[in-house]
Amino acid sequence: MKSVFLSAILLLAFAASAQAPAPVALKDEPHHKLLLENEYVRVWAFGITGHDTTLVHEHALPYLGITLGPAEFVNAVTGKPEVHAKQVDGQIGYSKGGFSHLVRTEGDAPFRNFTIELLKTQGAARNRCVKVIADGALDCPQAAATPLDAAAPPALETDEILLRSGAITAPLRLAGADAQPARLVCVLEGSELTVEIHGQPAKKLHGGEVAWLPAGAEATLAKSGAGDPRFDLIVFKDSGEKK
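Written as structure tokens, this is what we have:
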């Protein structure tokens, strides 16, 4: 009788393991499309329609998630209870990574975001002017020191990046200098933004698109459609030339 009981337990354990597929790498998850990759970052456009589900996939690295449009979905992290999540348009999330999960939509609405993998060790993340880290205090400047601070105040900071979030009401010039770090422009849902890097043709971006500003580049961000375009600007602190 004992051997029969043990055999039944082993059979159940084998069946459970067979039902849990091994996670795939992010590059092999078909809902993630690579937009940009360099030594600092990999930027993925993630999109899932209503009543759909992703494969179980790994997030091995720290990453930012920036929601494009409102979303409701189920987040099923491997080894944890499922969580029903609701996010607003433009919501910023930060994760240290080191887990696998699947995402499922149970309603008709899609879920889209930028999934921005950070390829360098980030250290501790801390809130600036946006409550990204739920249990962290805000450390927000009381007054804007520059036009960039006014247009896009700091939202989140780690040892390696500073994320700014805002909207453009007038052309915004981003100064260039030998030690100016590289920056990533992410255009949010429903926005149209023109990015012009000095010496290059202007590029018109729509919601869900990105532009890389190399270290030292001088650039101008300007409206190219109706309304004030919303964007996030990620500064890679150590990418400037060292003097």
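Take 20 as the starting number for the sequence shown in the working numbering and just add one per residue.
For each residue, glycine too, the CB sits at the ideal point set by N, CA and C.
Nearest neighbour of residue i, chosen from the options [CA to CA]
i    : options                   : result
T73  : G88, A44 and G98          : A44
R249 : S184, A128, P190 and P100 : S184
I152 : L240, Q110, Y59 and E215  : Q110
V62  : A164, P190, F92 and A230  : A230
G195 : V122, G98 and A238        : A238
I67  : L203, T134, T140 and E101 : T134
L138 : E176, A234, P81 and K256  : P81
P40  : L121, V206, E215 and H225 : L121
P190 : D197, E176, L203 and A171 : A171
P89  : D71, A163, D108 and A95   : D108
P42  : L240, V96 and I85         : V96
A128 : A164, N57, G69 and D197   : G69
A156 : E176, P166, A162 and V102 : E176
L167 : D158, P160, V102 and L193 : L193
G209 : D247, L232, A221 and I216 : D247
D197 : E48, A221 and P233        : P233
L203 : P49, G98, D47 and L55     : L55
Cβ-Cβ distance between residue i and residue j below 7 angstroms
i    : j    : result
R145 : P173 : no
G218 : D178 : no
Y113 : L83  : yes
F65  : H76  : no
A79  : G116 : yes
K105 : E91  : yes
I253 : I187 : no
G235 : Q199 : yes
Y182 : N132 : According to the sequence displayed, residue 182 carries Leu and not Tyr. No. Outside cutoff.
A201 : F255 : yes
S258 : E211 : no
C205 : D154 : no
V93  : R123 : yes
A241 : T213 : yes
Boundaries of the alpha helix (DSSP H) in which residue i is found, first to last residue
i    : result
P290 : In this structure the chain extends from 20 to 262, so residue 290 is not present and cannot be described.
Beta-ladder partner(s) of residue i, from DSSP
i    : result
K242 : L212
C205 : V229 and D251
T86  : N132
T72  : R123
E77  : S119
K223 : T213
Run of the beta strand (DSSP E) containing residue i, from where it starts to where it stops
i    : result
L10  : The chain is shown only over 20 to 262; residue 10 falls outside these bounds and no answer can be derived.
P173 : P173 to E176
L193 : L191 to L193
K52  : H51 to E56
S184 : I180 to A186
A64  : V60 to I67
Which complete beta strand (DSSP E) runs does the stretch 92 to 170 hold, if anything under 3 residues is left out? 102 to 106, 111 to 114, 118 to 123 and 130 to 137
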